[in-house]
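The block underneath contains the structure these notes are about, expressed in structure tokens.
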Amino acid sequence: MSITRSLILARRVILQMLADRRTLALIVVVPMILLSFLGVLIRADPAERVVGVVNQDNGVSLGGTTVNLGERLIAVLQGFEEFSTRPMNPAEARRELDAGDADAVITLGPDFTQQVLQTRTLTLAVEFEGSNPMIAEQLRKMLERVALQAANVSLALLAAPASGEAGELRAVLDASYLHSGPEYDTLDYMAPALVSFFVFLFVFLLTCLAFLRERLAGTLERLQATPIRSYEIIIGYMLGFLVFGIVQGAVTLLFTIYVLDIHYAGNLLNIVAVELLLVVLSVNLGIFLSTFAQNEFQVLQFIPLVVVSQGLLGGVVWQVEDMPAALQPFSRLMPLTYATRALRDVMIKGEGLSNVAGSLLVLLAFAVLVIALSSRVTARAQGS
Amino acid sequence: MNESPYAVEVVDVHKCFGPIQALRGVTLRVRRGEIYGLLGPNGAGKSTLIRLLAGLYRPDAGSVTVLGRPMPNKEVLAQLGYMTQATALYSELTVWQNVSFFAGLMGCRDERSIAAAIEFVSLTERAHSRVNTLSGGMRQRVSLAIAVAHRPALILLDEPTVGVDPQLRAQFWEHFRTITGQGVTLIVSSHVMDEAERCDRLGFLRNGQLIAEGTAESLRQAAGTTNLEEAFLRLAERQEEVHAL
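The listed protein sequences derive, respectively, from chains A and B.
This note's numbering puts the first residue of the first sequence at 3, with every later residue one more than the last.
This note's numbering puts the first residue of the second sequence at 8, with every later residue one more than the last.
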């Protein structure tokens, strides 16, 4: 063994790295960028949850005073700082819930106090928005505590004037869900995002590598010496990778649905349609970015930059709405944000394509942009 | 189509890549059915000239006309056979798949033509081998098969016989003669002088300029030597003297 020989080799490795300025910058800069994203995300206070209350309680007259348990309940709710309580009228509540602005709505009927007295049970009728099962679950636990506290307050209130009989007051949460349901868990929420993330990751990397090889091996030059036009090359690549993107998407989807047993509400065809758009985008992003790589190693560098950043900011784990305001603009620049949102709306809310048209249009705009960029890239040899 | 007697007309073409002047006013004409050899050292501009003919570059100045059409022109490309470096193949595909892919893009979907092209480069037995199992010389031959499979009217060969053994090289030239007899035009870049001898006409390229043109015999006479290599060197010297004046 000769340490000299190893040192000579080590010196060569260092020289090679020093010659590749971009890799050097990447090694130092990218971890800092990603860590600061992650730091901000983890420390961030989630957006405030909104609980609407529709109080129609008329109260009950007990020994000359009117007891209105609905108002008491609102007071209890307002004691919780984890969410903000907003009194609403029924129409307003419906609207806020449908728009996803309210996370849950509690409805107290005109005979709420009456019912509590008669049944000795405080029944809290809550409708959860439900598109994020994690939030719904969190709120449900808090509202159970609310119901319990409210029951205690009510008992004290009702016991005194009434014939002294203390007894008990049960608290029940009557939960209903606009989207999803109590059986939905975190995995159900994550699955649509993970499906889109994997499709994006693999299709992007494969196209990027395939196109890089086409360029490095010189077959791209040979292609350009045939009558094929640059847009025909792009379409060909898209069609070819579409096959694998769809197969991969379908397998991932079926696996999550049938093996991991996730719940989904949407139409399977709508899910496939969103995926198609994502594959088109990924293929073209791959072609476009491949021109910025001189070798396979540099393609690997796109993983932290393009893939991890989208994983962090694209709403896969952290909801975009929950991110600090400073990060949200970054999220809006990431195509994966829109794919995740569309796929989630389709899978959890069971929305039709027309209802996710906004997200799809943005995704389409991204796709058109990268198609334009990537066809410039393939056409460049002819132009110069 | 314009029935000019020339398959290729290059008139006063300039091409720069950044600060590097690859071609500085090259003019040459190649008749239909001719075998034209481009000779010159590395960096003389041979590949640039061939790429201009293949429509890969646009000239900075001057005009390039191929088969009667100004280049770059996508339609003409179907009648062109372009042979580049041996690495420009899909290595995970078989010989047959490579040849039929490019032939297909050229509008030739006839299996017999593909079989004939593979036969021509003596790879019939390896037709269904993956390219990554072939030797360098064999890959070179696949590259040549791709250039001729669709029966083009003009064939551009960039260093076609590097790594090909002499026997096969002789066979290639026999085939080149047969097809040029049918009106096909061949432009070959090379620095193998033995190959140059077989061309109808030669052009000496140096520093992006065509310094001499003619048959091998006439070039030797002009330089006053019996050897092409020496002829090239002498003509290059003479040009420098002219420039010095």
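Using N, Cα and C, we set each Cβ at its ideal position, and we do this for glycine too.
Computed from a predicted structure; not experimentally measured.
Contact list for residue i against chain B, beta-carbon separation under 7 Å
{"i": "A:Glu298", "result": "Residues of chain B passing the Cβ test: none, with the nearest at roughly 14 Å."}
Per-residue contacts from residue i into chain A (C-beta, under 8 Å)
{"i": "B:Thr94", "result": "Ala219, Gly220"}
{"i": "B:Met113", "result": "Thr228, Pro229"}
{"i": "B:Phe183", "result": "The premise fails here: B:Phe183 is roughly 19 Å from chain A at the closest Cβ pair, so nothing lies under 8 Å."}
Contact belief for residue i with residue j at Cβ below 8 Å, rounded distance in angstroms
{"i": "A:Val155", "j": "A:Val274", "result": "Actually they do not touch by this definition, with Cβ atoms about 52 Å apart."}
{"i": "A:Gly316", "j": "B:Ala95", "result": "No, A:Gly316 and B:Ala95 are not in contact; Cβ-Cβ is about 37 Å, not under 8 Å."}
{"i": "B:Ile194", "j": "B:Val17", "result": "Not quite, the Cβ-Cβ distance comes to about 10 Å (not below 8 Å), so this is no contact."}
{"i": "A:Glu234", "j": "B:Leu63", "result": "The pair is not a contact, with the Cβ atoms about 17 Å apart (cut-off 8 Å)."}
{"i": "B:Arg210", "j": "B:Glu220", "result": "First, the amino acid is wrong: residue 210 of chain B is Gly here, not Arg. Indeed they touch by this definition, with Cβ atoms about 5 Å apart."}
{"i": "B:Ser120", "j": "B:Glu166", "result": "Between B:Glu166 and B:Ser120 the Cβ distance is about 24 Å, and since that is not below 8 Å, they are no contact."}
{"i": "A:Pro135", "j": "A:Asp187", "result": "6 Å"}
{"i": "A:Val379", "j": "A:Val285", "result": "Not confirmed; about 13 Å, so no contact."}
{"i": "B:Pro77", "j": "B:Arg39", "result": "About 17 Å; that fails the 8 Å criterion."}
{"i": "A:Val42", "j": "A:Pro326", "result": "6 Å"}
{"i": "B:Val171", "j": "B:Gln147", "result": "6 Å"}
{"i": "A:Pro229", "j": "B:Glu82", "result": "7 Å"}
{"i": "A:Asn57", "j": "A:Pro89", "result": "6 Å"}
{"i": "A:Leu157", "j": "A:Arg74", "result": "With a Cβ gap of about 11 Å, A:Leu157 and A:Arg74 do not count as contacting."}
{"i": "B:Ser98", "j": "B:Asn49", "result": "Actually they are not in contact, since the Cβ atoms of B:Ser98 and B:Asn49 sit about 26 Å apart, beyond 8 Å."}
{"i": "A:Phe304", "j": "A:Leu291", "result": "6 Å"}
{"i": "B:Met90", "j": "B:Ala29", "result": "Wrong, their Cβ atoms sit about 20 Å apart, outside the cutoff."}
{"i": "A:Asp338", "j": "A:Gln312", "result": "Per the sequence presented here, residue 338 of chain A reads as Leu, with Asp not at that position. Confirmed, Cβ separation roughly 4 Å."}
{"i": "B:Pro66", "j": "B:Val20", "result": "5 Å"}
{"i": "A:Leu171", "j": "A:Leu124", "result": "6 Å"}
{"i": "A:Gly132", "j": "A:Ser182", "result": "4 Å"}
Cross-chain neighbours of residue i in chain B, by beta carbon under 9 Å
{"i": "A:Arg378", "result": "What A:Arg378 touches in chain B: nothing, since even the nearest Cβ is about 15 Å away."}
Chain A residues whose Cβ lies nearer than 7 Å to that of residue i
{"i": "B:Thr91", "result": "Gly220, Glu223, Arg224"}
{"i": "B:Tyr97", "result": "Thr221"}
Any non-hydrogen atom of the ligand GTP within 7 Å of residue i CB
{"i": "B:Leu226", "result": "Among the ligands in the structure shown, none appear at all, so the ligand GTP cannot be discussed."}
Checklist entry - Is the region 320-339 of chain A close to the region 39-51 of chain A, with three or more CB pairs under 8 Å? => result yes
Checklist entry - Is it true that the region 18-35 of chain B meets the region 353-368 of chain A, where meeting means three or more beta-carbon pairs spaced less than 8 Å apart? => result no
Next on the checklist: Counting only Cβ-Cβ distances shorter than 9 Å, please list the residues of the region 71-87 of chain B near chain A, keeping chain order.
Outcome noted: Pro79, Lys81, Glu82, Val83, Leu84, Ala85, Leu87
Checklist entry - How about the region 214-225 of chain B and the region 63-77 of chain B: do they share at least three Cβ pairs that are nearer than 8 Å? => result no
Checklist entry - So, do the region 115-133 of chain A and the region 246-256 of chain A have three or more beta carbon pairs nearer to each other than 8 Å? => result no
Item to check | Contact the region 97-116 of chain B vs the region 132-142 of chain B: 3+ CB pairs below 8 Å | outcome: yes
Next on the checklist: Quick check on the DSSP output: what are the complete alpha helix (DSSP H) runs of length 4 or more inside the region 75-157 of chain B, in order along the chain?
Outcome noted: For the alpha helix (DSSP H) assignment, the uninterrupted runs of no fewer than 4 residues enclosed by the region 75-157 of chain B are, from N- to C-terminal side, 81-84, 102-112, 118-127, 143-155.
Next on the checklist: Tell me whether the region 169-177 of chain A and the region 143-152 of chain A touch, counting them as touching only if at least three CB pairs, one residue from each stretch, are closer than 8 Å.
Outcome noted: yes
Item to check | Within the region 182-247 of chain B, ranges of the beta strand (DSSP E) (whole runs, at least 3 residues) | outcome: 192-197, 208-213, 216-221
Checklist entry - Quick one, which residues of the region 122-150 of chain B are near chain A if we go by CB-CB under 7 Å, in chain order? => result none
Checklist entry - Enumerated in chain order, which unbroken segments of the alpha helix (DSSP H) with a length of 4 residues or greater are wholly contained in the region 35-108 of chain A? => result 71-80, 92-100
Checklist entry - Touch check for the region 188-200 of chain A and the region 339-350 of chain A: three-plus C-beta pairs under 8 Å? => result Enough Cβ pairs lie closer than 8 Å, so yes.
Next on the checklist: Whether or not the region 279-292 of chain A and the region 200-211 of chain A are in contact is what I'm after, with contact meaning three or more pairs of Cβ atoms, one per stretch, closer than 8 Å; do they touch?
Outcome noted: yes
Checklist entry - Is it true that the region 88-108 of chain A meets the region 52-61 of chain A, where meeting means three or more beta-carbon pairs spaced less than 8 Å apart? => result yes
Checklist entry - Looking at C-beta atoms only, is the number of pairs between the region 21-36 of chain A and the region 295-314 of chain A that lie closer than 8 Å three or more? => result yes
Checklist entry - Do the region 153-169 of chain B and the region 77-87 of chain B make contact, defined as three or more Cβ pairs closer than 8 Å? => result yes
Checklist entry - Between the region 100-112 of chain B and chain A, which residues of the former have a C-beta closer than 8 Å to a C-beta of the latter? => result Phe109, Leu112
Checklist entry - Of all the alpha helix (DSSP H) runs that stay within the bounds of the region 226-305 of chain A, which reach a length of 4 or more residues? => result 232-256, 270-292, 298-302
Checklist entry - Any chance the region 20-29 of chain B sits against the region 174-188 of chain B, with 3 or more Cβ pairs inside 8 Å? => result no
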